[in-house]
Amino acid sequence: MSLKLQVTHAEIIGAALKAVRQGLDAWLVTIVEITGSLPRPLGSMMVHSELATLGSVSGGCVEECLIERLQLGEFPAGTARLTKYGVDADDNERYGLPCGGKLTLLVEALGARDESWLQELRATLLARHFVERAIKLEPYHCSLSTTSMLNSPAVDWQQTCGMHRLGPEHRLVLIGAGQLAETLSALALQMEYQIIVL
Numbered sequence: 002m003s004l005k006l007q008v009t010h011a012e013i014i015g016a017a018l019k020a021v022r023q024g025l026d027a028w029l030v031t032i033v034e035i036t037g038s039l040p041r042p043l044g045s046m047m048v049h050s051e052l053a054t055l056g057s058v059s060g061g062c063v064e065e066c067l068i069e070r071l072q073l074g075e076f077p078a079g080t081a082r083l084t085k086y087g088v089d090a091d092d093n094e095r096y097g098l099p100c101g102g103k104l105t106l107l108v109e110a111l112g113a114r115d116e117s118w119l120q121e122l123r124a125t126l127l128a129r130h131f132v133e134r135a136i137k138l139e140p141y142h143c144s145l146s147t148t149s150m151l152n153s154p155a156v157d158w159q160q161t162c163g164m165h166r167l168g169p170e171h172r173l174v175l176i177g178a179g180q181l182a183e184t185l186s187a188l189a190l191q192m193e194y195q196i197i198v199l
């Protein structure tokens with residue numbers, strides 16, 4: 002198993018899709034609520050499977066404990082549940098969460114039935130388009146819809162359902178299509194910019 006923290010959302014979804022296609026257990030974890038200060042922003046994601054762990058939801062503070070809980074079967078296939086870290090001072094000391102921060106994580110236990118929306122989401126993100134994921138906990142269901150822009154905040158979560166908005170976080174407008182624009186575009190695409198060349 003490998004661990005990679007600095008990845009794009011498309012890579013995270015791609016890793017989840019790869020695991021699901023191979024019939025492996027995979028979990029998609031998303032930050033849906035933050036109180037106080039934390040290293041990762043709202044909407045940050047990670048995926049864990051036998052193949053790899055990509056992304057980060059706390060900058061390394063809670064990932065080890067979370068992965069252990071996933072492997073122990075606390076989040077069974079076909080379910081989506083919320084879990085919290087940093088709920089008290091002991092929790093913050095144990096996990097090393099900075100500034101007394103608290104986070105609520107959505108853990109989606111993925112299976113074969115999730116392959117179609119994972120494939121569609123990955124393609125949409127690779128095309129640098131904006132998309133909204135509507136997630137319902139009971140029974141677990143995820144659906145996608147396109148949107149024209151990335152509204153703030155990245156996650157709008159209620160008690161048992163919510164919306165996760167994904168897409169390019171920045172836009173780069175380049176005037177002229179010369180070699181400099183080509184080089185800048187290649188760099189900006191690696192950082193998930195939306196590129197517009199005039």
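Residues in the sequence shown are numbered from 2 upward in steps of one, following the numbering used here. All C-beta atoms, glycine included, are put in the ideal place defined by N, C-alpha and C.
Considering just the uninterrupted stretch of the alpha helix (DSSP H) at residue i, what are its terminal residues?
i: Leu25; result: Leu25 -> no alpha helix (DSSP H), and no H or E assigned at all.
i: Arg123; result: Glu116 to Leu127
i: Cys62; result: Unbroken run through Cys62: none, as it is neither H nor E.
i: Ser153; result: Element bounds for Ser153: n/a, residue is neither H nor E.
Could you tell me which residues DSSP puts in a beta bridge with residue i?
i: Trp158; result: Gly163
i: Leu107; result: Thr31 and Leu83
i: Gly56; result: Met47
i: Thr9; result: Answer is none; Thr9 lacks a bridge partner.
Quick check on DSSP: helix, strand or coil for residue i?
i: His1; result: Absent from the model: residue 1. The displayed extent of the chain is 2 to 199, so no value can be given.
i: Leu18; result: helix
i: Glu51; result: coil
i: His171; result: strand
i: Arg134; result: strand
i: Thr184; result: helix
i: Gln191; result: helix
Identify the continuous beta strand (DSSP E) that holds residue i and give its terminal residues.
i: Ile176; result: Note, Ile176: premise wrong, no beta strand (DSSP E); not H, not E.
i: Val198; result: Tyr194 to Val198
Between residue i and residue j, how many whole angstroms is the CB-CB distance? I'm expecting something under 8 angstroms.
i: Leu106; j: Val33; result: 7 angstroms
i: Ala110; j: Thr80; result: 5 angstroms
i: Gly56; j: Met46; result: 5 angstroms
i: Val108; j: Val30; result: 5 angstroms
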